[in-house]
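Chemist:
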Amino acid sequence: MRPLDDLIAKTKIGVGGWDQYVARDMQQGPDGKTYPIPFTVDTFAMVYNKDLLRAAGYDEFLKTWPKLRAASLAVFHKTGKTSFGFPAGSCGTPAIWFFLNFY
């Protein structure tokens, strides 16, 4: 990790209000320098059904959104099955984060 002290010194904001920060006790390392600490992490994964993709003529993992879209349409037209879905419940990660990947 890289200390943030030189970057903080260049801002007009400073570290005011950091006492409210979740990890306030971990702001500074044992050397007295300030380090970045992530306080939230999300892990996104793409889960897919290989058999369903094969039935639509796709044998390899889809690495781009255009390929995913084409495969999704092919799955629906060839099998009649729903071909794409995403979690849209009331969990900690709203559906908007998934939609943002399309832009």
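Under our numbering, the very last position in the sequence shown is 104; numbers go up by exactly one each time. Every residue gets a Cβ at the ideal spot worked out from N, C-alpha and C, and that includes glycine. Just so you know, these numbers come straight off a predicted model, no measurement behind them.
Have a look at Ser73 and Ser84 and give me their C-alpha separation to the nearest angstrom.
Modeler: C-alpha separation (whole angstroms): 5 Å.
Chemist: Classify Thr35 as helix, strand or coil using the three-state DSSP reduction.
Modeler: Here Thr35 sits in strand by DSSP.
Chemist: With a cut-off of 8 Å on the beta carbons, I'd call Pro31 and Leu5 a contact; round off their distance for me.
Modeler: 16 Å between Cβ atoms; not a contact.
Chemist: So Phe77 is in the alpha helix (DSSP H); what residue range does that whole segment cover?
Modeler: Start and end: 66-80.
Chemist: Here's a check: name, in chain order, each residue in its chain whose Cβ is nearer than 7 Å to the Cβ of Met2, leaving out the five neighbours to either side.
Modeler: Same-chain partners within the cutoff: Tyr36, Pro37.
Chemist: Work out the CA separation of Ala46 and Gly33 for me, nearest whole Å.
Modeler: Answer to the nearest angstrom: the Cα atoms are 37 Å apart.
Chemist: Verify whether the separation of the beta carbon atoms of Leu54 and Lys82 is less than 8 Å.
Modeler: Contact: no.
Chemist: Who are the near neighbours of Thr80 in its chain, counting only those whose CB is closer than 7 Å to its CB and skipping five residues on each side?
Modeler: Only Leu53, Ala56, Ala57 meet the Cβ criterion.
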